[in-house]
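S.K.: Got a structure here, written out as structure tokens. Questions coming.
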Amino acid sequence: MSAPPEDRRAAWTPPAAGPARSGRDVPGALNGSRLFEQPRYAAEVARFRDFVAGDAPLAVEVGFDFGHRILDHAHRWPATRWLGLEVRQRQVDRVAAEAPPNLLAWRADARTVFATLMPAGRVQRVDVLFPTPWWDEGKRAKRLLLTADFLADVARALAPGGVVHVATDVGPYFSHVEGLFAAWGAVPHPPVGEARSRRERVCARDGLRVWRGTWTPGVAVAAVSGGAGGGGDDVG
Ligand SMILES: C[S@@+](CC[C@H](N)C(=O)[O-])C[C@H]1O[C@@H](n2cnc3c(N)ncnc32)[C@H](O)[C@@H]1O
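Counting the sequence shown from 1 gives a position; the working numbering is that position plus 45.
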């Protein structure tokens, strides 16, 4: 019998650090981390490159699922390009069907996109809401999104002042994330619209505690004071 959800959340542990990643290859990536090098994928890669080209602010939401939030944001801030990365084809198709021109819903493993395709210094904002904790230890070791390797790739992709916003209802996962961001600076959370993600709604409905943090590379933590939240805090 599996543990009740509360116990399961409290018992979560990060995977043991594996060997250093070799180059840009991402172990366990969806369809392989060399996917974007395959000729049959050239048109998709061109679509991505067109979308991220230019000077318009670029925001990324990783794992948008039903897309309530990214659709709201894309309509609310039309001058920003909103790139949604999601591994589930059905969710990508659903969001793509409703997407305004400043939103690209792309089926890809975010780890591969940041490791191989994302131009350096291009992204203003990365939102990671309720990343999958992967209860199965084997899957967790292979697929956990928020790792030192992923954050190194994200840091390279961020424009000066760019931020990463993370929310989760798994407390130990948040502790792991705080450790990963220890050398970054805590900053106020980026603005959000009214729409809530599916998991945000579930947490609000069930009264689950949610931890949130927003960080930027290269800012001394002591230099940040006040503001609307920021760093590691919890709500709900
Ligand atoms: C727990 S759900 C949370 C969904 C949504 N953000 C929310 O707050 O309700 C995690 C989502 O991330 C997606 N996902 C998991 N690993 C991913 C990866 N490496 N790249 C992109 N999406 C991923 C899953 O398919 C799923 O939709």
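Where is the CB? At the ideal position from N, CA and C, for every residue including glycine.
The structure displayed is predicted, hence computed values, not measured ones.
(1) In its own chain, which residues sit with a C-beta less than 7 Å from the C-beta of Val168, not counting the 5 before and 5 after it?
(2) Cβ atoms of His221 and Leu191: under 9 Å apart, would you say?
(3) With DSSP as the reference, identify every bridge partner of Val168, one or two as the case may be.
(4) Measure the Cβ-Cβ separation of Ala212 and Leu162 and say whether it is below 9 Å.
(5) Over what stretch of residues does the beta strand (DSSP E) that includes Val105 continue unbroken?
(6) Once DSSP output is grouped into helix, strand and coil, what is the label at Arg133?
(7) Just the C-alpha distance for Gly166 and Asp172, rounded to the nearest angstrom, thanks.
(8) Determine the DSSP secondary structure at Gly73, reduced to helix, strand or coil.
(9) Can you give the Cα-Cα distance for Val215 and Pro60, rounded to whole angstroms?
(10) What's the gap between the Cα of Asp52 and the Cα of Pro72?
(11) Arg54 bridges to which residues according to DSSP?
(12) Between the region 112–123 and the region 175–189, do three or more beta carbon pairs fall short of 8 Å?
M.R.: Based on what the coordinates show:
(1) Looking up residue 168 in the sequence shown gives position 123. For Val168, where only same-chain residues beyond five positions count, the Cβ hits under 7 Å are Leu103, Val105, Ala202, Leu203, Ala204 and Gly207.
(2) Residue numbering aside, residue 191 sits at position 146 when the sequence shown is read from its first letter. Residue numbering aside, residue 221 sits at position 176 when the sequence shown is read from its first letter. Their beta carbons are under 9 Å apart, which means Leu191 touches His221 by this criterion.
(3) For this step, residue 168 is matched to residue 123 along the sequence shown. In DSSP, Val168 forms a bridge with Leu203.
(4) On the sequence shown, position 167 is the one that residue 212 refers to. On the sequence shown, position 117 is the one that residue 162 refers to. Cβ atoms of Ala212 and Leu162: not closer than 9 Å.
(5) In the sequence shown, the residue the question calls residue 105 occupies position 60. Start and end: Leu103 to Val107.
(6) The residue you call residue 133 lines up with position 88 of the sequence shown. Reduced to three states, the DSSP call for Arg133 is coil.
(7) The count along the sequence shown starts at 1 and reaches residue 166 at position 121. The count along the sequence shown starts at 1 and reaches residue 172 at position 127. Rounded to the nearest angstrom, the two C-alpha atoms are 16 Å apart.
(8) Position 28 of the sequence shown, counted from the start, is the residue given in the question as residue 73. Of the three classes helix, strand and coil, the one that applies to Gly73 here is coil, per DSSP.
(9) Mapped onto the sequence shown, residue 215 falls at position 170. Mapped onto the sequence shown, residue 60 falls at position 15. Approximately 15 Å between the Cα atoms of the pair.
(10) In the sequence shown, counting from the first residue as 1, residue 52 sits at position 7. In the sequence shown, counting from the first residue as 1, residue 72 sits at position 27. Cα to Cα, the separation comes out at about 29 Å.
(11) For the purposes of this step, residue 54 is taken as the residue at position 9 of the sequence shown. DSSP lists no partner for Arg54.
(12) no
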